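K.L.:
Can you read through this structure? Questions will come right after.
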Ligand code: FES
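Numbering (this note's numbering), first residue to last: 64 to 654.
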């Protein structure tokens, strides 16, 4: 194989690749417009032109189609730059409103075009590279757009210039268009429906193949099969084509894996309270009323606005933000009766960060109490007030829109006055509730939970990370609302408990398990149904005359459900028989 020299860098000739591909591997930049990894090169825009010198003869070729034969390639010689300038002038005449083309032209010193601008052309951003037509036809398989007319009057359009049924508004054409020239409304009868990003709380959209969130474990992309074109019509497969390690496998199926484990740590996390009982707060009805989690994404550098605080309705910087705490918490009538514990601190954090991003903005926090029980929490709250965050003790009754402002009705419970405050944005510190999968899991694992669905620990003070069922532990908001440090501490404790369990040579079991008096047992089987730990079974009596209950002692947790349910008193708990309990009670009362 011969030698190929690109801009003075020597490499092996590789005719199966193009000059563009080899140049990219060598880190040499060649401008491209009509080249996209999902399609074979076509060479229509010609901006990737390079000078090929072979046997003393020089010729200009498009790098995206020219094979990497031996010889010399110059990607930035004067003839190359001259031709690129001419091409850019032609493009400026074709697409004078394409900002990307203007920027590229400026890079090559072209400010004006000498050619007449196509005034009658409708789309003044389109350079007619045809990438959109090819992706629609060859990749997605819809052929919903094409070239119209010939020569000087050529344009991209839907057939008969009518939005077509063939177009599903999948967005492939806009995705590949190098100049942002595509207006899908001209092609599609259906409204483009962006797929809301779950991680960004629906404030941005995501593609059909995506990594759920930056810290996802495993940090690998997943395919949304409900929206992916391949799963709809068998076409596209762009992601597989561009994936260099060939890791995209459309045949992969969800699998149920069976593992044998010695312990389980339940960490199901939390959901946000569904605010539909608080219709007067307007969450999800007014774009400028959002939950604390939405605001968290808005403040994040990886969020929809790259960390700039802009309100969703019109993208303006909000000059007054009202934070409403206990939205759904501590309200037994409409919401949840418990305190969500984290809202005081995250509202303070949000208010401080908002003031940092918008120094002339005003942050107003409506609160019932400020609960700062945690290391340095009180100091943090003090910092918020010192940095100009205003706190109003009172409850909010209504949030509504007036003009381009949100209006908050509330009361100042210190002065006893009614308040009406206008704001640009309202942020609700929505209550935490158990994850919606928690109850089903609790039933499956036979772990107790409280009335709200949070898992219950074996003992609130002495065994806060264990459950009543041996080998099952709790971590995080599965057990109740908690913040990150507390969650981390509890998760570490749960992990230590597991290690402690695994390091024992022998396992011990509480001796207070249930026993059956076989003489009394009628074999009715009621206790089998009530036992939450599946520790009982009906077996045939030794003499073959009827049935009797057998207890698997190692499974029994001594909950007493069988004793309570047994109609003849045959089920009793070892060391806690009815008579023993009665005697203990008597002795206690005598004392
Ligand atoms: Fe090579 Fe357009 S990128 S011709």
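Backbone N, C-alpha and C fix where the C-beta goes; we use that ideal spot for every residue, glycine too.
Bear in mind the structure is a predicted one, so any value in this text is a computation, not a measurement.
1. Assuming residue 620 and residue 596 make a contact with CB atoms under 8 Å, what is their CB distance in whole Å?
2. Just the C-alpha distance for residue 294 and residue 313, rounded to the nearest angstrom, thanks.
3. Roughly how many whole angstroms lie between the Cα atoms of residue 233 and residue 214?
4. Helix or strand or just coil, what does DSSP make of residue 456?
5. How many Å lie between residue 315 and residue 235 at the Cα?
6. Can you check which of these residues, 457, 465, 470 and 149, is closest to residue 56 by C-alpha distance?
7. Would a C-beta distance cut-off of 8 Å place residue 195 and residue 239 closer than the cut-off?
8. Straight-line CA distance for residue 553 to residue 603?
9. Please determine, among 97, 96 and 76, the residue with the shortest C-alpha to C-alpha distance to residue 656.
10. Are the region 269-288 and the region 378-385 touching by the rule of at least three beta carbon pairs closer than 8 Å?
11. Would residue 264 be called buried (16 or more neighbouring beta carbons within 10 Å of its own) or exposed?
12. Can we count residue 101 as close to the ligand FES, meaning its CB is less than 7 Å from some heavy atom?
13. Got a sec: does the ligand FES put a non-hydrogen atom nearer than 7 Å to the Cβ of residue 130?
14. Can you tell me whether residue 547 is helix, strand or coil according to DSSP?
15. Hey, how far is the Cα of residue 469 from the Cα of residue 350?
16. Please tell me whether, using a cut-off of 7 Å, the distance from the CB of residue 289 to the nearest non-hydrogen atom of the ligand FES is below it.
17. Would you kindly check if the distance between the Cβ of residue 138 and the Cβ of residue 106 is under 8 Å?
18. Can you grab the Cα-Cα spacing for the pair residue 92 / residue 309, in whole Å?
19. For the beta strand (DSSP E) containing residue 353, list its first residue and its last residue.
20. So if I measure from each beta-carbon to every heavy atom of the ligand FES and keep distances below 6 Å, which residues remain?
21. Determine the DSSP secondary structure at residue 327, reduced to helix, strand or coil.
22. What span of residues does the beta strand (DSSP E) with residue 335 cover, start to end?
23. Restricting to Cα atoms, I'd like to know which of 593, 631, 416 and 322 is closest to residue 450.
24. Please tell me whether residue 515 and residue 502 are closer than 8 Å, where the distance is taken between their beta carbons.
25. Please report the straight-line C-alpha distance between residue 187 and residue 491, rounded to a whole angstrom.
26. Between the Cα of residue 182 and the Cα atoms of 509, 443, 517 and 217, which residue gives the shortest distance?
27. Going by DSSP, what residue range makes up the beta strand (DSSP E) through residue 669?
28. What ranges does the alpha helix (DSSP H) occupy inside the region 349-390, keeping only unbroken runs of at least 4 residues that lie completely in it?
29. Does DSSP put residue 476 in a helix, a strand or coil?
30. Helix, strand or coil: which one does DSSP assign to residue 482?
31. So, at 8 Å on beta carbons, what are the nonlocal neighbours of residue 738 in its own chain, with the 5 sequence-adjacent residues on each side left out?
32. Assign residue 66 to buried or exposed, taking buried as 16 or more other Cβ atoms, counted over all protein chains shown, within 10 Å of its Cβ.
33. Following the continuous alpha helix (DSSP H) through residue 643, name the residue where it begins and the one where it ends.
34. Give the secondary structure of residue 613 by DSSP, where H, G and I count as helix, E and B as strand, and everything else as coil.
35. Could you give the distance in angstroms between the alpha-carbon of residue 266 and the alpha-carbon of residue 357?
36. Assuming residue 47 is part of the beta strand (DSSP E), what are its boundary residues?
P.N.:
Based on what the coordinates show:
1. If you number the chain shown from 1, residue 620 lands on position 557. If you number the chain shown from 1, residue 596 lands on position 533. Their Cβ separation, rounded to whole angstroms, is 5 Å, which keeps residue 620 and residue 596 in contact under 8 Å.
2. For this step, residue 294 is matched to residue 231 along the chain shown. For this step, residue 313 is matched to residue 250 along the chain shown. Looking at the two C-alpha atoms, the distance is approximately 8 Å.
3. As a position in the chain shown, residue 233 is number 170, starting the count at 1. As a position in the chain shown, residue 214 is number 151, starting the count at 1. The straight-line gap from Cα to Cα measures roughly 29 Å.
4. For this step, residue 456 is matched to residue 393 along the chain shown. Strand, per DSSP.
5. Within the chain shown, the letter at position 252 stands for residue 315. Within the chain shown, the letter at position 172 stands for residue 235. When rounded, the distance between both Cα atoms is 24 Å.
6. The structure shown has nothing for residue 56, since the chain only spans 64 to 654.
7. Position 132 of the chain shown holds residue 195. Position 176 of the chain shown holds residue 239. Against a cut-off of 8 Å, the Cβ pair of residue 239 and residue 195 comes out as a contact.
8. The residue you call residue 553 lines up with position 490 of the chain shown. The residue you call residue 603 lines up with position 540 of the chain shown. Rounded to the nearest angstrom, the two C-alpha atoms are 46 Å apart.
9. The structure shown does not extend to residue 656, since the chain is modelled only from 64 to 654, so the question has no answer here.
10. No contact exists between the region 269-288 and the region 378-385.
11. For this step, residue 264 is matched to residue 201 along the chain shown. Flag for residue 264 reads buried.
12. Reading the chain shown from its first residue, position 38 is the one you call residue 101. It does not: the Cβ of residue 101 is nowhere closer than 7 Å to a heavy atom of the ligand FES.
13. On the chain shown, residue 130 is found 67 positions in, with the first residue counted as 1. The closest heavy atom of the ligand FES lies 7 Å or more from the beta carbon of residue 130.
14. On the chain shown, position 484 is the one that residue 547 refers to. Helix, per DSSP.
15. Walking along the chain shown from the start, residue 469 turns up at place 406. Walking along the chain shown from the start, residue 350 turns up at place 287. Roughly 10 Å separates the two Cα atoms.
16. In the chain shown, the residue the question calls residue 289 occupies position 226. No.
17. Your numbering for residue 106 matches position 43 in the chain shown. Your numbering for residue 138 matches position 75 in the chain shown. It is not a contact, given that the beta carbons lie outside the stated cut-off.
18. Counting from one through the chain shown, the residue named residue 92 turns up at place 29. Counting from one through the chain shown, the residue named residue 309 turns up at place 246. Computed Cα separation, rounded: 25 Å.
19. Position 290 of the chain shown, counting from 1, holds the residue named residue 353. 352-354 is the extent of the beta strand (DSSP E) around residue 353.
20. 95, 96, 97, 98, 106, 107, 108, 109, 110, 111, 125 and 127
21. Sequence index remark: in the chain shown, residue 327 carries index 264 (1-based). It is a strand residue.
22. The residue you call residue 335 lines up with position 272 of the chain shown. That run of the beta strand (DSSP E) goes 333-335.
23. Position 387 of the chain shown, counted from the start, is the residue given in the question as residue 450. It is 416 whose Cα lies nearest to the Cα of residue 450.
24. On the chain shown, residue 515 is found 452 positions in, with the first residue counted as 1. On the chain shown, residue 502 is found 439 positions in, with the first residue counted as 1. Going by C-beta atoms, residue 515 is not nearer than 8 Å to residue 502.
25. As a first step, residue 187 must be located in the chain shown, where it is residue number 124. As a first step, residue 491 must be located in the chain shown, where it is residue number 428. So the two alpha carbons sit approximately 44 Å from each other.
26. As a first step, residue 182 is located in the chain shown; it is residue number 119 there, counting from the start. With distances taken between Cα atoms, residue 182 lies closest to 217.
27. Residue 669 lies beyond the residue range present for the chain, which begins at 64 and ends at 654; the question has no answer from this structure.
28. 355-362
29. Position 413 of the chain shown, counted from the first residue, corresponds to residue 476. Looking at residue 476 - three-state DSSP - the assignment turns out to be coil, as it is neither helix nor strand.
30. To locate residue 482, count along the chain shown from 1; it is residue 419. It is a strand residue.
31. The question about residue 738 has no answer here: the residues shown for the chain are numbered 64 through 654.
32. Counting from one through the chain shown, the residue named residue 66 turns up at place 3. Flag for residue 66 reads exposed.
33. Looking up residue 643 in the chain shown gives position 580. Here the alpha helix (DSSP H) through residue 643 covers 641-653.
34. For the purposes of this step, residue 613 is identified with residue 550 of the chain shown, where counting begins at 1. If DSSP states are grouped into helix, strand and coil, residue 613 belongs with the strands.
35. Here residue 266 corresponds to residue number 203 of the chain shown, with the count starting at 1. Here residue 357 corresponds to residue number 294 of the chain shown, with the count starting at 1. Taking the straight line joining both Cα atoms gives about 8 Å.
36. Summary: the structure shown does not reach residue 47, with the chain confined to residues 64 through 654, and so no result is reported for it.
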